[in-house]
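These notes concern the structure reproduced below.
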Amino acid sequence: MSFSDTVETSWQFPRTPRTAGSARSLLREQLAAWRITGDAVDAAELLLSELVANAIRHANAPGGDELGVRLAYGDGMLRVEVSDTDSRHPEPRVAEADDEGGRGLFLVSALSERWGCDPRRHGAGKTVWVELKTR
């Protein structure tokens, strides 16, 4: 993502079940400050929740007690990132009709312009990211 006038913010959270709610609250505040409204806010909130839930549920690396969340905004695009210390990349799977999980990455794919996973910028692990249009 290369924005001409990008603004960004980031936070660190403990890997606990309450993290998703805390992250969503900060996301809403930040998007309001950036004057992002409407469907983009709802989509960003859902995408962030899914990425955080996946990191809490599946990232079991030593020293992995924290998650990083980063938002970047510019040129009508919002990037949401969640970083953890587990280097395993997420893989979509086919969920059976009666499965209670396994559909999250299909939701991520459907709601975002694009998504991916890269090595973490600083330290071990990965960053899973999504990009979505805000207008």
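1 is the number of the first residue of the sequence shown in the UniProt record's numbering; add one for each residue after it.
Beta carbons: idealized from backbone N, C-alpha and C, even for Gly.
- Residues L27, L31, L78, V80, L132 of the same chain have their beta carbon placed closer than 7 Å to that of A44, with the five preceding and five following residues left out of the count.
- With contacts defined as CB atoms closer than 8 Å, A55 and L67 qualify as a contacting pair.
- As DSSP reads the structure, W129 sits in a beta bridge with E81, G116.
- Collapsing the DSSP output to three states places T19 in a helix.
- Here DSSP, grouped into helix, strand and coil, assigns S10 to strand.
- Rounded to the nearest whole angstrom, the C-alpha separation of S10 and A23 is 10 Å.
- For the options R35, A72, N60, the alpha carbon positioned closest to that of P90 is the one of N60.
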